[in-house]
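Heads up: the sequence shown runs through residues 1 to 1071, numbered per the UniProt record's numbering. Idealized CB from N, CA, C, for every residue including glycine.
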Amino acid sequence: MQENIFYIISNYFKPSKNVIVLLEYKNVVNISMDILLYRNDKFHHINLPKNRNDHNCSYVSFLGKNSFKDTMLGPYFLEKKMNQKHICTINNFTNFIARKKKHHNIQNNSPVLYLTNRKNIHTIYTHFFSTIGKNDIREKIDHPNECINLKNCVTFSSEIEDTIKDPENSTTNMYRFINKIKNISSDECSDQLKIICNDLIFLFSNNFIYIKKYDVISFFYKFSSFFPVFCKMKNQLYNVNEVVKLFSFFINFTTSTFFPYLEKNINNNKERNLNLFIDVCWTYFRYMKYLIVLSKKINLNINMSSELEQINTIISNELDKTQNIFNHTIKRKITDGNMIAELSSKNMSLLISIFLHLKNSNDIINYLQKNNFFNIKFYIKDIIYILSALLKSDYVWKDLEFFFCKMFVENIAYSDINNLVEFTYLCAELKCNHEFIMSAIRNKINSIINLPEIEESKKSEEGIESKQNIKYSCDEVAYRFIEKFTPNELAFFTRNCYRMHCFDRPFFDLLCDTTIKKINALNLTNACIILPCFSRVYCIKNIWKKGDEYGGEKKQIINKEMNIKIENNDYLEKNISSCRYKIPESLKVLVKHVENEMIPKNKNISLHNLCYFMESLTLLKIENKKLYNLCINETLKKIQNFVYNEKEIKIIGKILWCLSYYHKTEYLFSHKIISFILKYKLYQYPIPENFISFFLYFIKSRVYNKKLFYNIGKSTIVNITINNYFTTSEEKRPNIKLNVITELYATMAWAYAFTYFHNADIEIANFDAYTNIKGNVDMFASKAENSCKHFDTNYDNMEISKCKGISNVSNPAQLRYTKKDEMFLKKIYDYIFNEIKILHKYRELSFLLLARYLWGVSIVNLINDDTINFINIYNWNEIKIYEQNPMYLHMVFTLWLRLKYSYSHLKLSKNFLNFIDQITHILKKKYIKNGLNKDNLSTFHVQISKILDEFNVKYTNEYITKDLLIIDIIIILKECKEKIAIEIDGPSHHLLDLSDLHVNTSINDNKKYLQCGTTYFKNFLLKKNGWKVINIPSYEWNKIKKEDRDYYIIQKLSNCSSSLKKYFVKNNEVL
């Protein structure tokens, strides 16, 4: 007690240089003072012996010249005339206020003595601060930012003085403040809370002894329920002082009164005492959570003011104090088996949930487990409550999760629908997907229940049903339990079961069929919750695909660890009836129903529902152009009236992910989305799912913005890591999804390599300049006319030279690959590599991530000694090569090609070389087996082939080199000694550069394009093999008039090869 008082006083005077506080001071005659305050060096020794019978007294002496004039704490005593009746105690405090004016004639330098006892320690804080004179806080007033405003400490409501005059109604008056807190207005919440707390402090200071113990506990239990509300108030940090003062009454009451009483009287009315004990524990727990939230908020301030530092100190001390009460008092009560052995199911669940959140609580949890929770029979709702607490806990309690999941399963017969839905949600979140859980849930939903049969008579002629029209029969009808789910319950149950990753196809077939039975009652929101789950079940987690290649009708169990052998095909089918996956007919019906409801005319569309339906179709690989256009329009509306919300940002990210599968370059839409992301700096909010969606949309739609890509990369490096995922102490629950983070790394490795342009010039796709050379082009317009002419070599050179203007359009603005860009990419790939090494150490490295990383560093040419060492020590034999996606195998093969042509001097392990040999064998076998579909060439490709045919240029389509590179067209003329490769670069070979954003952007703007990293690297490999490469980009081709395209090809070929140039001259002479 004495230390608590000393702490309160010394902390208050800590900023002051004029007041010194001493603990346990003894004067020259060996008379001790518990706490002594003095100003400068002028103080008096007090000869006042303690009353032998008053062992609980504490004395506070205030000394100094004119130090405490006009205070309310106590009178000023002449040293010789001091006696007990002049001492102000808590009990005579009110009477003293009326008498204090009588003591004005006392000398100014006399000391003041304050007497209290242990019972009333909780009142000291308030009285002390209400009695400090202005002279003693002069130093603090001069520096208002360095201490809490004293005026706020004594701000009361006008009616509080009348309230304390009625001590017998103190309990009623106390509870009235609960309603006042409920009615606090949001505008003035901070000031109102301050006044309410000060009123309560004043009330307790005077009338606390009139309130019964269970009312004290009940009041603070209710008061603590408002802590979450307090945390949301404006300037909530500046209310801490009042809340702490008020709560000190509860702390001192429980430690000095309630806990000692409980220890002696536990068996008297035991049930009630146990209830009070649990309420006290829960109140302390709420208080601790409140302080932790405030502590986190206050520590977000980088430059903390001295006032905030003081508040932070108060919060830290209160947290320590509360933690000590749990560790040294409450735990000791719990380990007294006689005390908690008879707890009810509800109270035990509350007690468990408290300690699941506290540090250093393993001893209590182990104690309860060791005693089998005293064989308490937990009710279903209490088991759900404990599982919820396990989920919210920062720590992992696997044994408890298993124990209470098993207990729920043992009592699942007593579970209603709501409890079952909640249980599946908790299992999904806790990743509890044991076989016995799955079996119990399946049996439960298939169980037969008997309900009274309800027969509906014929409806009245008006078609209105009335209660009189319903007859109740005594007969009972058997229903499956699942059939009694409402559409809303069914929607969430389906989502939870999908997320548990342990159910088979017949289970989801049943859910899908049940959904169709309720289709008329199913609203769009519920349908859009269910549909993505079914889409993932049938198309991603469990590939029941048509055809023999992937097992045909074979049923496989959905499991997150299963290997998926199917390749990722991005193309979309035209409608649901031609879905490539084996889905039930009920799902097709559901999709068509939602589509009819989703895309009516003149109806407001929920962006959330639109997003989830679009996601469902995308997962099913179904194209819907109307839905695509609707998503574009609704997203644009959303970003125009945007208010930041993490959920809304995820919705926009998910829509971008869906749009990416259409592989369309939407110039204006992309411009607005990029401007939106940069304007609101969404990259500063590191949401891995969003970053993945952003990368996928801009890469698949072939759009690039340097600033956006760089900012996302920097944010990822700073904010996202798995460094602590595997090394958490005390088994803390990880707050990241490992599979999502690894997917982000794989996407980054792919994205930054794909957008690698390596000093490639931006070319402007503006061919209006052709009109300037039209006269030159027209010289070749008529083949009949040209056949009559004789061209000598000089004339031919001149004309071909004039044709160069068709493609070589000048571009004043060029995006160059700089040293800074190289350093940035090095940081990105070094960061990914460090994360890969951590995953590899804990055997969590996926082949997808490894393949994309190795492919990425091959494209950007950032292979170093660490990369080579990792390749050599990696156990390639562990990879089940025939179960891998051939696309990822080819990525590793790309690494081999980079090493072959750029790092041939390096020594590689036999393990890796054997793996490359296997990949080569698989890829060759694939090309031989499947062949190259030369009959399914693009329109672009066919147009160029026809031009070559017109000029009798012999060629071969889809030629495979020894390095397994596919060349679109190779020239095989005898006259041509060079190896000529024509690469027909469709939209996937280049990026629309939107690095320069302008407000007045229009569709007619001159567009800038970058050659993508994959095309650059393929050209590099072909040139290393002696090929001369001619790239014909689609953005150029589409701008050339049809009558000019053949001369465009002549110019390209002639510039590349002197042999072809001579061939065209010869061919032209013949014509």
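Roughly how many whole angstroms lie between the Cα atoms of residue i and residue j?
i            : j     : result
E401         : V240  : 36 Å
residue 1074 : S305  : Residue numbering for the chain in the displayed model covers 1 to 1071; residue 1074 lies beyond these limits and cannot be assessed.
K222         : V293  : 19 Å
G551         : L889  : Summary for G551: the model assigns pLDDT 34, below 50, so the residue's position carries little reliability; its value from the coordinates is reported in the next sentence. About 22 Å.
N252         : I5    : 12 Å
D866         : L850  : 14 Å
T514         : D416  : 18 Å
K517         : K621  : 25 Å
G775         : S1057 : For G775, the predicted structure reports a pLDDT of 33, less than 50, and the residue's modelled location is therefore unreliable. The matter cannot be settled from this model.
residue 1122 : E429  : Outside the shown range of the chain, which is 1 to 1071, sits residue 1122, and nothing can be said about it.
N723         : I717  : 12 Å
K681         : P688  : 15 Å
D830         : C502  : 37 Å
I383         : K588  : 39 Å
N1024        : I984  : The amino acid occupying residue 1024 in the given sequence is Lys; Asn does not appear at that position. Their backbone Cα atoms lie some 19 Å apart in a straight line.
I20          : F374  : 54 Å
Y175         : E242  : 18 Å
S206         : K182  : Note that residue 206 is Asn in the sequence shown here, rather than Ser. Going from the Cα of N206 to the Cα of K182 covers about 25 Å.
N1055        : Q918  : 41 Å
L387         : L426  : 7 Å
According to DSSP, which residues form a beta bridge with residue i?
i     : result
E983  : N1031
Q1011 : H990
A478  : N450
R956  : A quick correction: the sequence has Thr, not Arg, at residue 956. Per DSSP, I970.
I380  : Answer by DSSP bridge pairing: none, since I380 is not bridged.
E648  : Beta-bridge pairing links E648 to no other residue.
Thinking C-beta only, is residue j closer than 8 Å to residue i?
i            : j    : result
F493         : F481 : no
S361         : F355 : yes
C611         : K647 : no
I736         : Y685 : no
Y284         : T322 : yes
I699         : F754 : yes
V594         : L659 : no
N911         : W876 : yes
H608         : I651 : yes
residue 1075 : G986 : Lying before the first or after the last residue shown, residue 1075 is absent from the chain, which here runs from 1 to 1071.
S701         : T665 : yes
T424         : M339 : no
Of all the CB atoms in chain B, is at least one closer than 8 Å to the CB of residue i?
i    : result
F247 : No chain B is present in this structure, which holds just one protein chain.
Does DSSP put residue i in a helix, in a strand, or in coil?
i            : result
Y680         : coil
Y927         : helix
E342         : coil
E975         : coil
V703         : strand
Y571         : coil
P600         : coil
P686         : coil
I181         : helix
K1061        : helix
S205         : helix
I944         : helix
residue 1084 : Any property of residue 1084 remains undetermined from this structure, which presents the chain solely from 1 to 1071.
L937         : coil
N92          : Bear in mind that the predicted position of N92 carries a pLDDT of just 44, short of 50, making it too unreliable to give a figure here.
I217         : helix
T742         : helix
V905         : It is His, not Val, that sits at residue 905 in the sequence shown. Correct three-state label for H905: coil.
Discussion item. Extract the residue ranges of the alpha helix (DSSP H) inside the region 239-265, only unbroken runs of 4 or more that lie entirely within it.
Written reply: 240-253, 259-265
Item to complete: Pick out the complete alpha helix (DSSP H) segments inside the region 606-670, 4 residues or longer, and give them in chain order.
Response: 607-619, 625-640, 646-660
Worksheet item: Where are the beta strand (DSSP E) runs, 3 residues long or more, that stay fully inside the region 813-862, in chain order?
Response: Inside the region 813-862, DSSP marks no whole beta strand (DSSP E) run of 3 or more residues.
Discussion item. List, from N- to C-terminal side, the alpha helix (DSSP H) runs of 4 residues or more that fit wholly inside the region 284-358.
Written reply: List check, alpha helix (DSSP H) in window: 306-325, 331-334, 337-340, 345-357.
Practice prompt. Only counting runs of 4 or more residues, tell me where the alpha helix (DSSP H) segments fall wholly within the region 858-893, in order along the chain.
Written response: 865-873
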